[in-house]
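Asker:
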Amino acid sequence: DNGQITVVFQDGTNASASIVGRDIATDVAVIKAKNVSGLKAATLGSSSNLRVGQGVVAIGSPFGLEATVTDGIISALNRPVSPGDPTSTSQTQTVFPAIQTDAAINPGNSGGPLVDLAGRVIGINSAISTGGTGNGSVGLGCAIPINLVRSVSEQILAGKRVEHARIGVIVNPARGEDNMTQIGAKIDELTAGSAGEKAGLRAGDIVTGVDGHPVASNDGLVATIRGFRPGDTVTL
């Protein structure tokens, strides 16, 4: 909204920047720094082969403290998170499949990289949960997987409208016999002609996994599917 963007580099120099494009659904934007050259790009890794428990490092400027580095492990994968509110379950919210980490992430870390121990960027720090008791880290940080970032940024740089994978269903939580335990995503409605309908999904079906990865909730299904690209084939 006509705000100014300044990029600060490791050597202390800075440059103004402009927005090339952005995708609200994943909280990702591409910006371009002006009148700079010879920059050394970070190495992008892959978020498709990550494992819970592996070491990671978060880099950012928490509370304005520039170039702060914290370390931890990957706590969970495909955690359904809404941009700006990691605890929201509203169906009106957009959801992405986050990498959860216990590396300290605080306000000001957003937009900074989450890297593996080889220095490859595997995610972009995006959100934290504070347990409702403050605004600092309690070890519940979330990052946008780099494969999703790469898909969004490539579409933006190609001048395309950003599209996300979808199967054309409206889902709600499916609960077990105790009416408490979430056991999957229950399909309430299907869009006529959608991929889901063509594949044989029906109202009342309960999706419990995608490509072998467990899905425990409706947001879990939405987030997991969003991690794929349009045109990919998955097994439910």
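Numbering (our numbering), first residue to last: 1 to 236.
Where a beta carbon is used, it is the ideal one built from N, C-alpha and C, also for glycine.
(1) Taking the C-alpha atoms as reference points, what is the distance between P62 and A15?
(2) Cβ of G193 within 7 Å of Cβ of T208?
(3) Assign I146 to one of two classes, buried (16 or more other C-beta atoms within 10 Å of its C-beta) or exposed (fewer than that).
(4) Could you name the residues of the same chain whose beta carbon sits closer than 6 Å to that of S18, not counting the 5 residues immediately before and after it, in chain order?
(5) Do V95 and D188 count as a contact pair if the criterion is CB distance below 7 Å?
(6) Verify whether the separation of the beta carbon atoms of L50 and I74 is less than 7 Å.
(7) Terminal residues of the continuous beta strand (DSSP E) containing A76?
(8) Go through its chain and collect everything with a Cβ distance to S48's Cβ below 7 Å, but skip five positions before and after it.
(9) At what residues does the beta strand (DSSP E) containing G196 begin and finish?
(10) So N109 packs on G60, CB below 8 Å; how close in whole Å?
(11) Can you grab the Cα-Cα spacing for the pair G141 / G119, in whole Å?
(12) How far does the alpha helix (DSSP H) with L114 in it reach, from first residue to last?
(13) Please return the same chain residues whose Cβ sits closer than 6 Å to the Cβ of G12, not counting the five positions on each side in sequence.
(14) Ordered along the chain, which non-local residues of its own chain (more than five positions away) have a Cβ less than 7 Å from that of D211?
Answerer: Well, looking at it:
(1) Your numbering for residue 62 matches position 62 in the sequence shown. Your numbering for residue 15 matches position 15 in the sequence shown. Using only the alpha carbons, I get a separation of about 21 Å.
(2) Counting from one through the sequence shown, the residue named residue 193 turns up at place 193. Counting from one through the sequence shown, the residue named residue 208 turns up at place 208. No Cβ-Cβ contact shorter than 7 Å links G193 with T208.
(3) By 1-based counting over the sequence shown, the position of residue 146 is 146. I146 comes out buried.
(4) As a working note, residue 18 is residue 18 in the sequence shown. Within the same chain, S18 has close Cβ partners K32.
(5) As a working note, residue 188 is residue 188 in the sequence shown. As a working note, residue 95 is residue 95 in the sequence shown. Cβ atoms of D188 and V95: not closer than 7 Å.
(6) Against the sequence shown, residue 50 aligns to sequence position 50. Against the sequence shown, residue 74 aligns to sequence position 74. Yes, these two residues count as a Cβ contact at 7 Å.
(7) In the sequence shown, the residue the question calls residue 76 occupies position 76. For A76, the enclosing beta strand (DSSP E) begins and ends at T68 to V81.
(8) Stepping through the sequence shown from its first residue, residue 48 is reached at position 48. Sequence-distant partners of S48 (beyond 5 residues in either direction) whose C-beta falls short of 7 Å from its own C-beta, in its chain, are N147.
(9) Here residue 196 corresponds to residue number 196 of the sequence shown, with the count starting at 1. For G196, there is no enclosing beta strand (DSSP E); the enclosing alpha helix (DSSP H) has its first and last residue at A195 to K198.
(10) Within the sequence shown, residue 109 is the residue found at index 109, counting from 1. Within the sequence shown, residue 60 is the residue found at index 60, counting from 1. Correct: roughly 3 Å between the Cβ atoms.
(11) Walking along the sequence shown from the start, residue 141 turns up at place 141. Walking along the sequence shown from the start, residue 119 turns up at place 119. Their backbone Cα atoms lie some 19 Å apart in a straight line.
(12) Numbered from its first residue, the sequence shown carries residue 114 at position 114. According to the DSSP assignment, L114 belongs to no alpha helix (DSSP H) but to the beta strand (DSSP E) extending over P113 to D116.
(13) Sequence index remark: in the sequence shown, residue 12 carries index 12 (1-based). Once the five neighbours on either side are set aside, G12 has no close Cβ partner at all.
(14) For the purposes of this step, residue 211 is taken as the residue at position 211 of the sequence shown. Excluding positions up to five away in sequence, the list reads V234 and T235.
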